[in-house]
Amino acid sequence: GAVVSQHPSRVICKSGTSVKIECRSLDFQATTMFWYRQFPKKSLMLMATSNEGSKATYEQGVEKDKFLINHASLTLSTLTVTSAHPEDSSFYICSATVSSGRDGYQETQYFGPGTRLLVL
Amino acid sequence: LAKTTQPISMDSYEGQEVNITCSHNNIATNDYITWYQQFPSQGPRFIIQGYKTKVTNEVASLFIPADRKSSTLSLPRVSLSDTAVYYCLVVRYNQGGKLIFGQGTELSVKP
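Protein chains in written order, with my numbering: chain V, 1 to 120; chain B, 1001 to 1111.
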């Protein structure tokens, strides 16, 4: 399957600082990537859709000025948590879409390993 | 997108076949079904996807009846390492594969 990496795997930062998380598709190009966050014992929550060369589309309730997304190339999307606060502490996961021609036109998302953010 | 409903948790024993059923009553004709597995502190891993009837790969089978209002993920001969959360999702064609996650099924495999 397609491989998606994330960096860093975990980060600890002080309140008020900004943190950048990178998501890379290693062996394929992805015009579309997604960003999720997940709290302990909870399901994944979609934050935004990242499209290469255009502005990200944010889900309702997600502050676009708080969570800056840049998809500058077909293999890299970045999520920057600006002025992080303790309530931003979470597990952030990205994914990238691979299109398949089997059984019609299907798009499969492959996920990165996640980034654990702890804001002190 | 159609909402999915699946059991919150299931228990099984090593070597047994596990079937997890998901209902998606409002699935549309341009939707397909996909399943993911997630271990703690890891990103979800793609298992299988399909549109109708039966799909099989090296790790699982997916059964979808003719009305497509439900689907069943079948895991043959589970092992302790299959203990994880399993998510059933409905995906709309040509939307970049956008996924909206529900609660998932927490499968616990015991020795």
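Where a beta carbon is used, it is the ideal one built from N, C-alpha and C, also for glycine. Note that the coordinates shown come from a computational prediction; the quantities given were computed from them, not determined experimentally.
Comparing C-alpha distances from HIS7 (chain V) to each of V:VAL98, V:SER18, V:CYS94 shows the shortest one belongs to V:CYS94. In this structure, GLY16 (chain V) lies near ALA84 (chain V), with their beta-carbon atoms less than 9 angstroms apart. Under the 10 Å beta carbon count, GLU107 (chain V) is surrounded by 16 or more other beta carbons and is classified as buried.
With a cutoff of 9 angstroms on beta-carbon distance, CYS1022 (chain B) and THR1072 (chain B) are scored as near each other. In the displayed model, ASP1082 (chain B) falls within a helix according to three-state DSSP. One thing to note: THR31 (chain V) has its Cβ no nearer than 9 angstroms to the Cβ of GLU59 (chain V). Contact annotation for GLU107 (chain V) against chain B: VAL1091, TYR1093, ASN1094, GLN1095, GLY1096, GLY1097, LYS1098 [CB-CB distance below 9 angstroms, chain order].
In the displayed model, GLU107 (chain V) falls within a strand according to three-state DSSP. Judged by DSSP secondary structure, TYR1051 (chain B) falls outside any beta strand (DSSP E); it is assigned neither H nor E.
In the three-state scheme derived from DSSP, where H, G and I count as helix and E and B as strand, GLU87 (chain V) is classed as helix.
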